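Written below as structure tokens is the structure these notes are about.
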């Protein structure tokens, strides 16, 4: 078996494991979101989302160093250098401990001032908001110190670990929902405290798994100044990119709070829940693919690297479109079936967010390719600058009296522009074939949509708006997307692979 065939099998296996994990977590997440919204109420749900978002703003330090850690660990593993791998892990733990302390300091100074002085929270809920904020800080710190361990698992492509530990995480979330209904105390505070305890436990489990299976994670204190400086410099540009991402995301949340109050934050919170569930369809595939992109660059195999980037963008679009099309067409019906109470603006927020998700997710492999080169200054500075413009433009639009949905429209247009800029930057970094990408990815995806959309649109507008018609629209949209994805979205070799696997499954289950 060739190395490429073995890599493809590993990618497929890891993707399947991550999808089982995702489906399990998504179903429970959708259920718990509904129950938590009902238990907390719209106002408290909005408070949790916006207050927790403040401390997330300081998490951009974590996001920046997470990318740096992932790149260096995967690169060392691709080179087969165990001593370097051990040094990288040791240094990344030191860096993330420092990052956790920085987040604690900023959270208890700047963040606390912002909570009391700038946020729009009912006076009767200020104390509850304070405790939510404190538990959010501890939760964020636990997530930060987990990053090196998670990076090792991904670099080794042991995705089964995520699948098994996720079962525990889901069971704990169900337990939190149950306890939320039993408690007589303030439900908002109890919810934040239980989520914090869950994250601490999950962090311990990941740490124990790594120490049992990966020798390089046996941490012994040491200080490699050269590697520390190198990873920190690499992470410095990621810091800018991470700051831009978190600033515009939480900046939008805070703008909505300042102009419209926590009820609109609740609507955005629901949209974020839907976004999180849908985006898992692409994250799982990309998580399985990303280590191969970095390793192929480390080995100098650019042809294979290009093919992985093409496949990542194309499959990401197809996977997201299959799940997103029925939601886009029947957003109102799906939200009403899912939630007991649908906050105002939620339907439009969800639709705009799904469009943004698809565009951003298709560009996910570009970032991995840039990280692989180790030369990310131009990529991060330019893309970060573009994304930062979302907040001031949104502020001006809201000042002119626009509706809350206008911030998502601004976000959507800037995402399209950023996607185009990313393409040209990657082309300059790794001689990325833009013409091939246009024909093999973008044009294919466009034709898939043109073939899949008309039939469900006809059903939606010709027949009366009933529950059964809505369900038929969802089913038909999924079927047409699957068919058009197979006919147009897949290459000849990919079609042969799918047909072969379907025949194998048919023989296995129907010839016994």
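Numbering (our numbering), first residue to last: 2 to 513. Even for Gly, the Cβ is constructed at its ideal location relative to N, Cα and C. Since the structure is predicted, the reported quantities are computational estimates derived from the model, not experimental observations.
query: Proximity below 8 Å, CB of residue 274 to CB of residue 34; result: yes
query: Three-state secondary structure (DSSP) of residue 464; result: coil
query: Any chain B beta carbon closer than 8 Å to residue 373; result: The question asks about chain B, but that chain is absent: this structure has only one protein chain.
query: Environment of residue 185 [buried if 16+ CB atoms lie within 10 Å]; result: exposed
query: With 16 other Cβ atoms within 10 Å as the buried cut-off, status of residue 432; result: exposed
query: Stretch pair the segment 220-230 + the segment 162-174: three plus CB contacts closer than 8 Å; result: no
query: Three-pair Cβ contact test at 8 Å for the segment 319-338 versus the segment 474-483; result: yes
query: The segment 185-197 touching the segment 129-136, judged by at least three CB pairs closer than 8 Å; result: yes
query: Contacts around residue 496, its chain only, beta-carbon distance under 6 Å, and the 5 residues preceding and following it disregarded; result: none
query: Within the segment 281-319, ranges of the beta strand (DSSP E) (whole runs, at least 3 residues); result: none
query: 6 Å Cβ shell around residue 245 - same chain, five flanking residues per side excluded; result: 385, 388, 389
query: Beta-carbon contacts of residue 374 that lie in its chain and below 6 Å, excluding the five residues immediately before and after; result: 430
query: Rounded distance between the beta-carbons of residue 439 and residue 489, thought under 8 Å; result: Not a contact, Cβ separation roughly 15 Å.
query: Cα-Cα separation, residue 456 to residue 420; result: 29 Å
query: From 305, 327, 216, residue whose alpha carbon lies closest to that of residue 470; result: 327
query: Reference residue 53; option with closest CA among 134, 77, 111, 89; result: 134
query: Cβ neighbour criterion (16 or more within 10 Å) applied to residue 213; result: exposed
query: Three-state class that DSSP yields for residue 473 in the structure shown; result: helix
query: Sub-8 Å separation of residue 405 and residue 346 beta-carbons; result: yes
query: Three-state secondary structure assigned by DSSP to residue 178; result: helix
query: Whether residue 427 touches residue 466 by CB criterion (8 Å); result: no
query: When 266, 259, 105, 123 are compared against residue 145, the one with the closest alpha-carbon; result: 105
query: Euclidean distance between Cα positions of residue 180 and residue 32; result: 15 Å
query: Exposure of residue 241, with buried meaning 16 or more beta-carbon neighbours within 10 Å; result: buried
query: Nearest-angstrom Cα separation, counted from residue 142 out to residue 342; result: 33 Å
query: Assigned secondary structure, residue 120 (DSSP; H/G/I helix, E/B strand, else coil); result: coil
query: Residue 298, buried or exposed, once every other Cβ within 10 Å from all chains shown has been counted against 16; result: buried
query: Span separating the alpha-carbon of residue 492 from that of residue 318; result: 15 Å
query: Spatial distance of residue 2 from residue 494 (CA atoms); result: Confidence is the limiting factor: at residue 2 the pLDDT is only 48, short of 50, which leaves the residue's position unreliable and the question unanswerable from this model.
query: Residue 50 versus residue 403: straight-line alpha-carbon distance, rounded; result: 23 Å
query: Residue 323 and residue 482 closer than 8 Å at C-beta; result: yes
query: Residue 218 versus residue 89 - alpha carbon distance; result: 10 Å
query: Exposure label - residue 81; buried when at least 16 CB within 10 Å; result: exposed
query: Unbroken alpha helix (DSSP H) run spanning residue 361, endpoints; result: 347-363
query: Beta-carbon proximity list for residue 256, same chain, < 8 Å, skipping 5 on both sides; result: 392, 395, 396, 399, 408
query: Nearest-angstrom Cα separation, counted from residue 258 out to residue 37; result: 20 Å
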